[in-house]
Amino acid sequence: AEEIAHNKDAIGYYGMGYLNPKNKPVAVAIDKSLEYFLPKIKAVISGQYPISRPLFFYFKGVPEGVIKDFLNFVLSDEGQRIVLELDFVPLREVDVKN
11 AEEIAHNKDA IGYYGMGYLN PKNKPVAVAI DKSLEYFLPK IKAVISGQYP ISRPLFFYFK
71 GVPEGVIKDF LNFVLSDEGQ RIVLELDFVP LREVDVKN
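Take the numbering used here: the final residue in the sequence shown is number 108, and no numbers are missing along the way.
Now the structure itself:
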């Protein structure tokens, strides 16, 4: 991110959480004949912004105990709000509590 911010000819790809006033997001489309979208939360969740990747958790067997509790928390509204507060994209839209 720092190299891209200081090199006017650089192009980079990194997480939305690293966007700041020193770098410029670029609108993209799946096909040049379609609408272009900036990397915004709603556009990523809906699939309109095509450059994104999911984060997977892998387990041996069926999650149980504290692992299952952790997964339930991550998938809960509270867990997804934390994801959003950390400038990452939640799995779905969540209400932000004040």
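Ideal Cβ placement from N, Cα and C applies to all residues, glycine included.
Only a predicted model underlies this, so the values are computations on that prediction, with no experimental measurement involved.
Original post:
Assuming Gln90 and Val104 make a contact with CB atoms under 8 angstroms, what is their CB distance in whole Å?
Top reply: 5 angstroms
Original post:
Given that a residue counts as buried once 16 or more other Cβ atoms are within 10 Å of its Cβ, and exposed if not, what is Val106?
Top reply: exposed
**OP:** Tell me whether the beta-carbon of Leu48 lies closer than 8 angstroms to the beta-carbon of Ala39.
**Re:** no
Original post:
Nearest to Arg63 by alpha carbon, out of Leu94, Asn17, Met26 and Lys18?
Top reply: Met26
Original post:
When burial is assigned at 16 or more other CB atoms within 10 Å of the CB, is Val76 buried or exposed?
Top reply: exposed
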